[in-house]
Amino acid sequence: DQQVKQNSPSLSVQEGRISILNCDYTNSMFDYFLWYKKYPAEGPTFLISISSIKDKNEDGRFTVFLNKSAKHLSLHIVPSQPGDSAVYFCAASNGGTSYGKLTFGQGTILTVHP
Amino acid sequence: GAGVSQSPRYKVAKRGQDVALRCDPISGHVSLFWYQQALGQGPEFLTYFQNEAQLDKSGLPSDRFFAERPEGSVSTLKIQRTQQEDSAVYLCASSSRGSLTYEQYFGPGTRLTVT
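Top to bottom, those sequences are chains C and U.
Just so you know, we're using our numbering here: the first sequence kicks off at 1 and counts up by one.
Just so you know, we're using our numbering here: the second sequence kicks off at 1001 and counts up by one.
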């Protein structure tokens, strides 16, 4: 049972344009959501997060939007840069577990063309 | 500052062999997690430690998998009698207790290949 889903395996974007990565979840107990970026042969690196009490969080070029009623979140990268090319993972946590065990999506490969 | 380190980075084992994977978390981080990442998939939770206590091992796929963190810092994931389906990248992550963001810092992983 895939509780966190990233339905787009890959996304290709031109440099300078917006990248939009999507994520859906099924578990209504999730109350914290994170995006991680992963380069080959490296571990995932934390990018940005959002609590379920908010609907938007912004950090520089990265903005995460949360739609609780639709159980959907998205990551916007504006403007996209070639260095953003990586695998992006959406992850969710249930605060009730009190220690932040993460459930990940399958990942989306983002390619930003110069 | 030093991040999370893991060793070895790559391990090839013959089916039936035992392996031990090491994780050095960020100094002072109370929480330590192990995840398994199969090819083309996201990481999947294996087990969780708070200091030396293993509070959750619900993700361990079988009793061939064993993890320990005896002094509350370095952790070892041991796999006995390895099988081909154990081939994956094993990721270790740590976080500081009381973090409001549930932010976990990951190591580079150990790629295990069972032949």
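Each residue gets a CB set at the ideal place from its N, CA and C atoms; glycine is no exception.
This one's a predicted model, so the numbers in the text were calculated from it and none came from an experiment.
key: Cα-Cα separation, Thr-1110(U) to Ser-1005(U)   = 10 angstroms
key: Cβ neighbours of Ser-51(C) in the same chain (closer than 6 angstroms, five flanking residues each side left out)   = Tyr-32
request  = Quick one: measure Cβ to Cβ for Leu-11(C) and Thr-108(C), integer angstroms, because I've assumed they're closer than 8 angstroms.
outcome  = 6 angstroms
inquiry  = If distances are taken between C-alpha atoms only, which option among Ala-86(C), Phe-104(C), Val-64(C), Asp-84(C) comes closest to Thr-26(C)?
reply    = Phe-104(C)
request  = Report the residue from Ser-28(C), Tyr-99(C), Cys-23(C) whose alpha carbon sits nearest the alpha carbon of Leu-1055(U).
outcome  = Tyr-99(C)
message = So, with DSSP's three-state summary, where would you put Glu-1052(U)?
response = coil
ask   = Are the beta-carbon atoms of Leu-1032(U) and Arg-1069(U) separated by less than 8 angstroms?
value = yes
message = Within 8 angstroms of any Cβ in chain B, is that where the Cβ of Ser-49(C) sits?
response = Chain labels in this structure do not include chain B; the protein chains are C and U.
ask   = Considering only the beta carbon of each residue, do Ser-1073(U) and Cys-1092(U) sit closer than 8 angstroms?
value = no
message = Please return the same chain residues whose Cβ sits closer than 6 angstroms to the Cβ of Lys-1057(U), not counting the five positions on each side in sequence.
response = Thr-1047
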